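Below is one structure, written out as structure tokens; the observations come after it.
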Amino acid sequence: MRFLMMHRLDESAPEAWNPSKEFIEQMGAFVEDSFKKGILITAEGVHPSERGAKVRKVRGGKITATDGPFTETKEVIGGFALINAKDLAEAVAFAETYAALFDEIEVEVRTVVEMEDIEAFTS
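Note that UniProt numbering has the sequence shown beginning at 1, numbered continuously upward.
Next comes the structure, spelled out in structure tokens:
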């Protein structure tokens, strides 16, 4: 099964966008090991919200786009990873190992909808 991990962080924290050399080395080793084990499919960090936008459509309304930075900087998405795991418990265990690399972080783990899931919804 595939799972999407999105990590949120406080973008006002100094280390959020300027990681230490030690952190970069730890993360590099973690990513390399995860790829070799066949767990990690892809992972990327993202730039601060000031370099992004939010697009929103409310039911019955029009589409609006708002440039960053976003007003609430305590929980902005800092990056994502797409992983392979046998079940949610294994994906959560991987997310816990990932979270341990940071001083403070929140990682949301979500099951990716596969084609067979869509077929089950429509039958």
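Ideal Cβ placement from N, Cα and C applies to all residues, glycine included.
This one's a predicted model, so the numbers in the text were calculated from it and none came from an experiment.
DSSP places residue 9 within a strand segment (E or B) once states are collapsed to three.
Put simply, the backbone Cα of residue 119 is about 16 Å away from that of residue 1. Shortest Cα-Cα distance from residue 16 to any of 49, 37, 33 involves 49. Between residue 80 and residue 25, the beta carbon gap of about 21 Å keeps them out of contact (Cβ cut-off 8 Å).
By the neighbour-count definition (other C-beta atoms within 10 Å, threshold 16), residue 60 is an exposed residue. By the C-beta criterion, the region 5-16 is judged to be in contact with the region 100-107, since at least 3 inter-stretch pairs fall below 8 Å. In summary, residue 7 is buried, with 16 or more beta-carbon neighbours lying within 10 Å of its beta-carbon over all protein chains present.
The bridge partners DSSP lists for residue 64 are 56. Take residue 65, set aside five residues on each side of it, and the residues of its chain with a beta-carbon closer than 6 Å to its own are 53, 55, in chain order.
Residue 112: not part of any beta strand (DSSP E); DSSP gives it neither H nor E. Apart from the 5 residues on each side of it in sequence, residue 109 sits with its Cβ closer than 6 Å to the Cβ of 3, 5, 91, 92, 95 in its chain, given in chain order.
With respect to the 7 Å criterion, residue 83 and residue 40 are classified as neighbours on the basis of their beta carbons.
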